Amino acid sequence: MGRWPSPALLAIFVTIALAMNSITPAAAHTGLKVGFYRHSCPQVEAIVYNSMAQSTKADDTVAPGILRMAFHDCFVRFAARDAVVLAGGYGWHVPAGRRDGTVSIMEEALNLPAPSMTVSQLIDVFGRKGLSPSQMVVLSGAHTIGKAPCVTFDDRVQTTPVDPTLAPSFATFLKGQCPYAAIQSTSVDMDSTAHTFDSQYFKDIIAGRGLLTSDQSLLYDSRTSGGVYANNGAAFYRNFAKAMVKMSQIEVLTGLDGEIRRQFDQVNSH
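Count the sequence shown with mature numbering (1 follows the signal peptide of the UniProt record, and there is no 0) and you get residues -19 to -1, 1 to 251, in order.
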């Protein structure tokens, strides 16, 4: 994962780790279900939510950071719902009981969606995880909160001419923020209401203001364009919640597979 984005984000994981330490091994012998920790750790969701509320109030990078981590965790081997709620979105019932992996393989990070991917590449990456093109489109809506460094959209603005799918005024704005290639120290909002979880991401794409290649290209492929229009209103919140539940079940470890870590950042020593 690299460096922690902020002390507030680290505090959340410490809180989760402390809560998980109270869970007995017997609680982990069944599959995912809503209310999994009702008996072994009945206050766990309240503990996590309160920690998230304090941290997001102190640092507005926490909500998008947690949401990105949910994608990385599910694609490569917690508190994502609370991040969405605190940023203005809908909540959902979280099937719990997912256990931690015991290996970490750097090469598996190559399976993550990249900002310069084409629609065909995105469909392939998500499809290999059992997610449909329509689910891929709605999950891309996670880009409604947070920022992206200039270097992630160099392929659109550091060219001559700039990407013609960019709205001219937006292209001018991006060139002003990112005047030359390979800038990593400057970041740009991922949509025009980047601190609020809403459907503005899809409205921006329709207006030619999608930030990344992987965002804007959704509008121009017949397999995904319908999803862009379908999610540019209230339906997005419901669709996103359903897709997040589906994503949380990717290659999940339950029962006796994996482990419940005593420390969140390292495998247990047996």
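Idealized CB from N, CA, C, for every residue including glycine. Values in this document were obtained by computation on a predicted structure and should not be read as measured data.
Are the CB atoms of residue i and residue j nearer to each other than 8 Å?
i: GLN171; j: THR125; result: For the record, residue 171 in the displayed sequence is Met; it is not Gln. Contact: yes.
i: ALA163; j: ASP136; result: no
i: PHE217; j: GLY122; result: yes
i: VAL106; j: PRO114; result: no
i: VAL138; j: LEU112; result: no
i: LYS184; j: ASN220; result: no
i: GLN181; j: VAL169; result: no
i: VAL29; j: SER36; result: no
i: HIS176; j: ASP41; result: yes
i: ALA77; j: TYR18; result: yes
i: LEU120; j: ALA215; result: no
i: LEU48; j: VAL233; result: no
i: LYS110; j: ILE231; result: yes
Candidates the options: which alpha carbon is nearest residue i's?
i: VAL132; options: MET225, TYR201 and THR167; result: THR167
i: MET228; options: VAL43, ASN31 and VAL118; result: VAL118
i: GLN116; options: GLY208, SER173 and HIS20; result: GLY208
i: PHE178; options: ILE104, PRO45, ALA129 and LYS223; result: PRO45
i: ALA211; options: PRO130, ILE186 and GLY108; result: ILE186
i: THR194; options: ALA77, ALA129 and LEU48; result: ALA129
i: ASP196; options: ILE104, LYS38 and CYS22; result: ILE104
i: ALA151; options: SER173, VAL25, ASN249 and GLY108; result: Before going on, a small fix: residue 151 reads as Phe here, not Ala. The candidate whose alpha carbon is nearest that of PHE151 is SER173.
i: SER32; options: PHE59, GLN165 and ALA222; result: PHE59
Could you tell me which residues DSSP pairs with residue i in its beta bridges?
i: SER229; result: Note: SER229 sits in no beta bridge, so no partner.
i: SER32; result: None, per the DSSP bridge assignment.
i: ALA129; result: VAL169
Taking residue i as part of the alpha helix (DSSP H), name the residues at either end of that continuous run.
i: ALA211; result: 206 to 211
i: PHE178; result: Segment: none, PHE178 is in no alpha helix (DSSP H) and carries neither H nor E.
i: ALA152; result: 149 to 158
i: LEU120; result: 114 to 121
i: LEU103; result: 100 to 108
i: ARG190; result: Per DSSP, ARG190 belongs to no alpha helix (DSSP H) and is neither H nor E.
i: VAL138; result: 135 to 138
Could you check whether the Cβ of residue i sits closer than 7 Å to any heavy atom belonging to the ligand SAH?
i: GLN139; result: What this structure holds is no ligand at all, so the ligand SAH is not there to describe.
- request: Inspect the CB distances between the region 193 to 203 and the region 91 to 103 and report whether three or more fall short of 8 Å.
  value: yes
message: Could you check whether the region 138 to 150 touches the region 174 to 190, counting it as contact only if at least three pairs of C-beta atoms, one from each stretch, sit closer than 8 Å?
response: yes
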